[in-house]
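One structure below.
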Amino acid sequence: MDAYPAIADHGMVGDLQTAALVSSQGTVDWWCTPRFDSPSVFASLLDSERGGYCRLAADLAHDPGAVVRQLYQADTAVLVTRYMGPGGVGEVADFMVPLNTETATQRHRLVRVVRVVRGSLDFELECRPRFDYGRAPHTFEQTDGTTVVFRGPGTRLHLQAAGVSGPLALRRDGDDATARFTLTAGNVAAVVLTSDADDAPAPPPLSAEAISAELQACRTFWHAWLRSCTYRGRWRDIVHRSAITLKLLTYAPTGAPIAALTMGLPEQVGGERNWDYRFTWVRDASLSVKALIDLGFVEEAAAFRRWLLDRLAAGGTASGEPLQIMYRIDGEPHLTEVVLDHLEGYAGSRPVRAGNAAADQIQLDIWGIHLASTFARPADIDRWREVRDTVFAQIVERGWNADKQAFVQHYATDVLDASLLLMPRVGFVSPVDPLWLSTLDAMDRELVSDSLVYRYNPEASPDGLRGSEGTFNLCSFLYVEALARAGKPQQARYAFDKMLTYANHVGLFAEEIGPSGEQLGNFPQAFTHLALIAAALALDEQLDRTEGSGADG
């Protein structure tokens with residue numbers, strides 16, 4: 012087992028309140044429970060020795076020609092890891108039944124179903140939880156040969172195991188549990204991890220019927236949810252996967268989307284750009300919701316709107332403004348940032364941060380100039396328009412650099428910034444305005460590398476952090492969208508198709524792409540998937556138009 016599998020070497024399963032990452036090695040190496048932003052139970056992705064994990068995989072050590080593949084069952088969040096060796100073929104299906112409710116729950120179940128379809132395979136199980144980011148010890152209690160209870164601070168983790176051909180015996184290894192068992196064709200076993208409050212009743216005994224019903228409930232939920240999708244374009248599979256990913260990254264009890272599942276994964280391996288993204292940025296969340304609306308999903312928008320109204324009514328922000336840029340998923344405005352010095356970080360990438368000190372920053376976005384007029388809400392619209400026009404005139408006059416023939420990052424520089432890609436998206440300029448087309452050409456020269464887009468050049472525009480970062484996937488998909496709307500659909504399509512080659516084996520993206528095509532940063536990243544959806548929609552629209560007219564972009 013690799014100490015640190017590639018960031019991209021994972022699939023995600025979740026129940027809309029929490030989620031876990033499962034590597035293609037069969038290892039659950041990231042799971043925070045009972046919420047996305049709770050302390051971890053498994054976090055070996057941030058420290059292979061101290062973080063904790065649960066591995067369930069076929070023993071293929073003596074089969075050098077064996078093959079392991081991972082996939083999602085179509086249009087679901089059921090993750091299947093397949094093991095194919097000379098002696099047999101088997102698979103582990105990981106899933107969590109969605110809890111699509113406004114009630115936050117303490118109990119969460121990660122189900123791992125093992126079966127062999129040909130021949131015979133040996134399987135190994137190791138369950139080594141490490142509570143509170145690996146800071147807290149736990150106790151071990153074996154109630155019988157097939158059930159173990161791990162107790163950490165305020166949290167209890169049940170490990171249950173069962174096989175159809177007889178008991179699946181768990182063995183104690185220190186304060187952890189292991190097992191080894193053999194399955195032949197037609198045999199099925201199950202391993203279930205149930206997290207709950209320390210004083211909650213024990214989960215019911217495992218039964219084949221109950222496990223089968225849970226698996227079917229998971230499939231049924233995702234198939235029913237996707238029936239609302241109105242997308243009929245050219246990239247249906249990857250758009251569906253991105254939509255499911257955005258849904259999995261939304262906390263159902265409040266409707267708050269998070270920016271990413273993880274914390275601390277580096278933008279440069281060994282570097283310090285290691286942030287906690289398990290929170291709700293108002294801007295990012297709004298864009299996630301818009302992407303879902305554009306696909307025909309409306310319930311998520313209504314839920315987020317209620318969450319946002321609650322934030323305005325609650326006040327008490329860390330920044331002192333009526334609305335701050337980010338919150339915890341329950342609306343808590345204080346996101347105290349701490350460094351977890353005991354964790355070595357992903358492949359030695361320190362520091363590992365929990366919480367986020369950016370909560371008290373001020374970032375200016377558009378909160379409602381359009382909403383007030385569209386929905387006839389009372390507002391000082393005349394003053395807003397006057398200020399808007401003043402800002403527009405100033406940016407056109409001072410933000411344009413004649414030498415670069417482009418808009419620039421700020422008035423006192425000639426540095427370009429990929430945030431400029433939002434100019435046509437928010438209606439600041441027409442996507443075919445000569446000034447914008449010239450800016451797009453300048454960005455192509457300075458920020459674009461084989462369709463991958465850097466946010467900015469840290470050397471030319473220092474941000475106060477050491478090291479560099481990879482190309483930013485959000486910006487790369489915004490670039491595709493800008494090309495499409497600028498009347499260059501064929502160039503945009505080639506850039507889009509190249510971007511899709513950077514998706515991992517199950518269609519997921521992290522935040523950035525490194526110099527060798529590796530995924531970097533927190534994973535999976537909502538920004539990337541919402542921008543992929545927007546790019547696909549823009550491309551479909553432009554390609555339909557040009558193909559219908561016979562034009563060639």
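Under our numbering, the sequence shown is numbered contiguously, ending at residue 564. Even glycine gets a Cβ: it sits at the ideal position worked out from N, Cα and C.
Comparing alpha-carbon positions, which option in T557, L541 and E558 lies nearest L260?
Nearest to L260 by alpha-carbon distance, out of T557, L541 and E558, is L541.
Based on the DSSP secondary-structure assignment, which residues constitute the bridge partners of Q553?
Residue pairing by DSSP places Q553 in no beta bridge whatsoever.
Does the beta-carbon distance from V363 to L57 come in below 7 Å?
The Cβ atoms of V363 and L57 lie closer than 7 Å to each other.
Let's test the definition: count the other Cβ atoms within 10 Å of the Cβ of G331 and tell me whether it reaches 16, buried, or not, exposed.
Burial call: exposed.
For the putative contact between R66 and G22, defined by C-beta atoms under 8 Å, what is the C-beta separation to the nearest angstrom?
Actually they are not in contact, since the Cβ atoms of R66 and G22 sit about 15 Å apart, beyond 8 Å.
Please name the residue in L431, W411 and Q416 whose C-alpha comes closest to that of Y422.
Here the closest residue by C-alpha is W411.
Going straight from the alpha carbon of V52 to that of R496, what length do you get?
Distance between the alpha carbons of V52 and R496: 45 Å.
Please report how far the alpha carbon of L204 lies from the alpha carbon of R123, in whole angstroms.
Approximately 8 Å, taken between the alpha carbons.
Beta bridge counterpart(s) of E523 as assigned by DSSP:
DSSP, once it has assigned bridges, lists F483 and L531 as partnering E523.
Less than 8 Å between the CB atoms is what I'm expecting for G130 and G98, so what's the real figure, rounded?
Rounded, the Cβ-Cβ distance is 5 Å, consistent with contact.
For the beta strand (DSSP E) containing G145, list its first residue and its last residue.
Per DSSP, G145 belongs to no beta strand (DSSP E); it is in the alpha helix (DSSP H), F142 to G145.
How big is the Cα-Cα spacing for G525 and L531?
In a straight line, the C-alpha of G525 is about 6 Å away from that of L531.
For G76, count neighbouring C-beta atoms within 10 Å of its own C-beta (all shown protein chains included) and say buried if the count is 16 or more, exposed if not.
Exposed.
Judging by CA-CA distance, which residue of T231, T44, F106 and G197 is the nearest neighbour of G165?
Selection T231, T44, F106 and G197 evaluated against G165 yields T44 as nearest (Cα-Cα).
Tell me, please, whether the segment 229-236 touches the segment 81-92 by the rule of three or more beta-carbon pairs shorter than 8 Å.
The segment 229-236 is in contact with the segment 81-92.
Inter-residue Cα distance where the pair is S360 and H353:
Whole-angstrom Cα-Cα distance: 12 Å.
Between A493, A390, G163 and A17, which lies nearest to P442 when the distance is taken from Cα to Cα?
Considering only A493, A390, G163 and A17, the residue with the shortest C-alpha distance to P442 is A493.
Checking the sheet assignment: what are the DSSP bridge partners for A104?
Under DSSP, A104 takes part in a beta bridge, and its partners are V91 and V124.
To which residues of the same chain is A72 closer than 8 Å at the C-beta, ignoring the five residues directly before and after it?
For A72, same chain residues with a beta-carbon under 8 Å away, outside a window of 5 residues either side, do not exist.
Quick check on E135: does DSSP put it in helix, strand or coil?
In this structure, E135 counts as strand in the three-state DSSP scheme.
Looking at the strands, I want to know which residues DSSP matches up with H585.
Not covered by the structure: residue 585. The range shown for the chain is 12 to 564.
Helix, strand or coil at A497 [DSSP, three-state]:
DSSP places A497 in coil when its eight states are reduced to three.
For R294 and E278, I'd like the C-alpha separation in whole angstroms.
One C-alpha to the other measures close to 21 Å.
Short of 7 Å in beta carbon distance, which residues of its chain neighbour D48, apart from the five on each side in sequence? Order them along the chain.
Counting only Cβ-Cβ distances below 7 Å, and skipping sequence neighbours, we find R289, F290, R339 and I340.
Quick one: what's got a C-beta closer than 7 Å to L110's C-beta in the same chain, skipping five residues either side?
The answer, listed in chain order, is D26, L27, Q28, T116 and A263.
Could you pull out every residue in the same chain whose Cβ sits closer than 8 Å to the Cβ of S460, ignoring the five residues on either side in sequence?
Counting only Cβ-Cβ distances below 8 Å, and skipping sequence neighbours, we find T482.
For L226, I'd like the list of residues in its chain whose CB is within less than 8 Å of its CB, leaving aside the five on either flank, ordered along the chain.
Counting only Cβ-Cβ distances below 8 Å, and skipping sequence neighbours, we find V89, A104, F106, V122 and V124.
Using only CA atoms, which one of F538, L554 and L276 lies nearest to A19?
The shortest C-alpha separation from A19 is found at L276.
Rounded to a whole number of angstroms, what is the C-alpha to C-alpha distance between E310 and T92?
Taking the straight line joining both Cα atoms gives about 32 Å.
Inter-residue spacing [alpha-carbon to alpha-carbon] between F161 and A271
Straight-line measurement puts the Cα of A271 at about 28 Å from the Cα of F161.
On the DSSP bridge list, what partners appear for L32?
Residue pairing by DSSP places L32 opposite M23 and W41 in a beta bridge.
Residue range of the beta strand (DSSP E) that V78 falls in?
Taken as a continuous stretch (DSSP letters only), the beta strand (DSSP E) holding V78 covers V78 to Y83.
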